[in-house]
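**Student:** Residues in the sequence shown are numbered consecutively from 1399, following this note's numbering.
The beta-carbon is built from N, C-alpha and C at its ideal position, and this holds for glycine as well.
From a predicted model like this one, the values you see are computed outputs, not experimental measurements.
One structure follows; several queries about it will come next.
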Amino acid sequence: MSSTSIAVGAHVEQTDPIAEAQARGMTHVQLFLGDPQGYQGPEVRYAGGADALRADAEAAGVGLYVHAPYIVNVATTNNRIRIPSRKLLQQHADAAAAIGARGLIVHGGHVNKADDPEKGFDNWRKAVEAVDLKLPLLIENTAGGDNAMARYLDRIGRVWDAISTTEQFDLVGFCLDTCHAHAGGNSLETVVDDVLAITGRIDLVHCNDSRDEFDSGADRHANLGAGKVDPGLLAAVVRDAGAPVVLETPGGAAEHTADAAWLRERL
1399 MSSTSIAVGA HVEQTDPIAE AQARGMTHVQ LFLGDPQGYQ GPEVRYAGGA DALRADAEAA
1459 GVGLYVHAPY IVNVATTNNR IRIPSRKLLQ QHADAAAAIG ARGLIVHGGH VNKADDPEKG
1519 FDNWRKAVEA VDLKLPLLIE NTAGGDNAMA RYLDRIGRVW DAISTTEQFD LVGFCLDTCH
1579 AHAGGNSLET VVDDVLAITG RIDLVHCNDS RDEFDSGADR HANLGAGKVD PGLLAAVVRD
1639 AGAPVVLETP GGAAEHTADA AWLRERL
């Protein structure tokens, strides 16, 4: 994929993602299905439900990505979190497939402070074995936490080692978040090559600037060019990854359109 043909989309409100895409002049968008902080399961708020959203998005030429709730943590040793998380992940995989989504993005999760990280890697393996993946599951790198499964490159490598033995491994991909990489202490100069060496693939880029300094561990997104990430590095990551982009930057259609234009000027 040439840098000029990289498609740029944005995370949008879920009631009418097609209209949100059209308001931004974008050919794909990302959305939540339901409450990103709740365990109550996915909800399709589009008029007509999942079938209508799938048909209307296809007719409009709008691709859909679904972000799983932030609370999903399939790595943890806490059964009261891990078991509901796995159930929620299955529900969102089903719902995302029902609307014809291109992928389901999920954060890497973490183990508790006193836990052996090895248990977290093995819990990821168990999750990939247990969940019926009807579409690509894209594991996203995260910004903070010493016990995170996907903040540091070596931990991402251990997750990949663990899940590589599963039957559905070919359906697991990677979502690279630029703010998370920067805040998580991963050099943006080399992160694309580093991730590709581990996973062999980058399926989606969350292109976000960061309000905080390198290795801060803080997950606070900024509009492109308005944060602490070197503008040239942001563009280089997108260019080198060669994957579709989703902006998760603050604001609505006007801000996302401006961020997309900012990025395209540099590609």
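#1: For residue 1647, which option in 1490, 1543, 1478 and 1575 has the closest C-alpha, if you only look at C-alpha atoms?
#2: Considering Cα atoms alone, identify which of 1643, 1437 and 1495 is closest to residue 1481.
#3: Can you name the residues that DSSP bridges to residue 1573?
#4: Between residue 1660 and the rest of its own chain, which residues show a CB-CB distance below 7 Å, the 5 nearest in sequence each way excluded?
#5: Distance check for residue 1599 and residue 1403, CA to CA, integer angstroms please.
#6: What is the DSSP secondary structure of residue 1470, reduced to helix, strand or coil?
#7: Do residue 1548 and residue 1540 come within 8 Å of each other at the CB atom, strictly closer than that value?
#8: On the criterion of 16 or more Cβ atoms from any shown chain inside 10 Å, does residue 1419 qualify as buried, or is it exposed?
#9: What does the alpha-carbon distance come out to for the pair residue 1421 and residue 1439?
#10: Between the C-alpha atoms of residue 1525 and residue 1572, what's the straight-line distance to the nearest angstrom?
#11: Counting only runs of 3+ residues fully inside the region 1592 to 1660, write out the beta strand (DSSP E) ranges in chain order.
#12: Give me the residue from 1460, 1657 and 1564 with the minimum Cα distance to residue 1619.
#13: Can you tell me which of the three DSSP states residue 1462 falls into?
#14: Kindly identify the DSSP beta-bridge partner or partners of residue 1503.
#15: Determine the DSSP secondary structure at residue 1551, reduced to helix, strand or coil.
#16: Where do the N-terminal and C-terminal ends of the beta strand (DSSP E) with residue 1426 fall, by residue?
#17: Along the chain, where does the beta strand (DSSP E) containing residue 1406 start, and where does it finish?
#18: Is the Cβ-Cβ distance between residue 1668 and residue 1633 less than 8 Å?
#19: Could you check how far apart the C-beta atoms of residue 1510 and residue 1476 are, in whole angstroms? I think they sit under 8 Å.
#20: Where does residue 1546 sit, in a helix, a strand or coil, going by DSSP?
#21: What does DSSP give as the partner residue(s) for residue 1508 in the beta ladder?
#22: DSSP state of residue 1582, grouped into three classes?
#23: Just to confirm my understanding: we take residue 1532, look at its own chain, exclude 5 residues before and 5 after, and list those with CB closer than 7 Å. What are they?
#24: Counting only the same chain and skipping the five closest in sequence on each side, list residues whose C-beta sits under 8 Å from that of residue 1586.
#25: Taking 8 Å as the threshold (C-beta atoms), are residue 1542 and residue 1615 in contact?
#26: Given that a residue counts as buried once 16 or more other Cβ atoms are within 10 Å of its Cβ, and exposed if not, what is residue 1518?
**Tutor:** Once the coordinates are examined:
#1: Locating residue 1647 in the sequence shown gives position 249, where the first residue counts as 1. Cα-wise, what sits closest to residue 1647 is 1575.
#2: The residue given as residue 1481 occupies position 83 in the sequence shown. Measuring from the Cα of residue 1481, the nearest candidate turns out to be 1437.
#3: The residue given as residue 1573 occupies position 175 in the sequence shown. Answer is 1538 and 1602, bridged to residue 1573.
#4: Counting from one through the sequence shown, the residue named residue 1660 turns up at place 262. Cβ neighbours of residue 1660 beyond the five flanking positions: 1622 and 1623.
#5: Residue numbering aside, residue 1403 sits at position 5 when the sequence shown is read from its first letter. Residue numbering aside, residue 1599 sits at position 201 when the sequence shown is read from its first letter. Straight-line spacing of the CA atoms in residue 1403 and residue 1599 works out to 18 Å.
#6: Your numbering for residue 1470 matches position 72 in the sequence shown. Residue state, collapsed to three classes: coil.
#7: The residue given as residue 1540 occupies position 142 in the sequence shown. The residue given as residue 1548 occupies position 150 in the sequence shown. Their beta carbons are under 8 Å apart, which means residue 1540 touches residue 1548 by this criterion.
#8: Working through the sequence shown from its first residue, we reach residue 1419 at position 21. Label assigned to residue 1419: buried.
#9: In the sequence shown, counting from the first residue as 1, residue 1421 sits at position 23. In the sequence shown, counting from the first residue as 1, residue 1439 sits at position 41. Cα to Cα, the separation comes out at about 28 Å.
#10: Against the sequence shown, residue 1525 aligns to sequence position 127. Against the sequence shown, residue 1572 aligns to sequence position 174. In a straight line, the C-alpha of residue 1525 is about 16 Å away from that of residue 1572.
#11: 1602 to 1604 and 1643 to 1645
#12: Here residue 1619 corresponds to residue number 221 of the sequence shown, with the count starting at 1. For the residues 1460, 1657 and 1564, the minimum Cα distance to residue 1619 belongs to 1657.
#13: As a position in the sequence shown, residue 1462 is number 64, starting the count at 1. The answer is strand: DSSP assigns residue 1462 an E or B state.
#14: Taking the sequence shown and counting its residues from 1, one reaches residue 1503 at position 105. DSSP output for residue 1503 lists 1465 and 1536 as bridge partner(s).
#15: Taking the first residue of the sequence shown as position 1, residue 1551 is located at position 153. Helix, per DSSP.
#16: Taking the first residue of the sequence shown as 1, we reach residue 1426 at position 28. It spans 1426 to 1429 - the beta strand (DSSP E) in which residue 1426 sits, taken as one unbroken run.
#17: As a first step, residue 1406 must be located in the sequence shown, where it is residue number 8. Taken as a continuous stretch (DSSP letters only), the beta strand (DSSP E) holding residue 1406 covers 1406 to 1409.
#18: Lying outside 1399 to 1665, the shown extent of the chain, residue 1668 is not represented and no answer is given.
#19: Translated into positions along the sequence shown, residue 1510 becomes position 112. Translated into positions along the sequence shown, residue 1476 becomes position 78. Yes, they are in contact, since the Cβ atoms of residue 1510 and residue 1476 sit about 7 Å apart, within 8 Å.
#20: Within the sequence shown, residue 1546 is the residue found at index 148, counting from 1. Strand.
#21: For the purposes of this step, residue 1508 is identified with residue 110 of the sequence shown, where counting begins at 1. According to DSSP, residue 1508 bridges with 1546.
#22: Here residue 1582 is taken as the residue at index 184 of the sequence shown, counted from 1. Here residue 1582 sits in coil by DSSP.
#23: Along the sequence shown, read from residue 1 onward, the residue named residue 1532 stands at position 134. Excluding sequence neighbours, residue 1532 sits near 1491, 1492 and 1495.
#24: The count along the sequence shown starts at 1 and reaches residue 1586 at position 188. Excluding residues within five positions, the ones whose Cβ falls inside 8 Å are 1576, 1579, 1580, 1627, 1628, 1631, 1632, 1634 and 1635.
#25: Translated into positions along the sequence shown, residue 1615 becomes position 217. Translated into positions along the sequence shown, residue 1542 becomes position 144. Pairing residue 1615 with residue 1542 gives a Cβ-Cβ distance under 8 Å.
#26: One-based indexing of the sequence shown puts residue 1518 at position 120. With 16 or more other Cβ atoms within 10 Å, it is buried.
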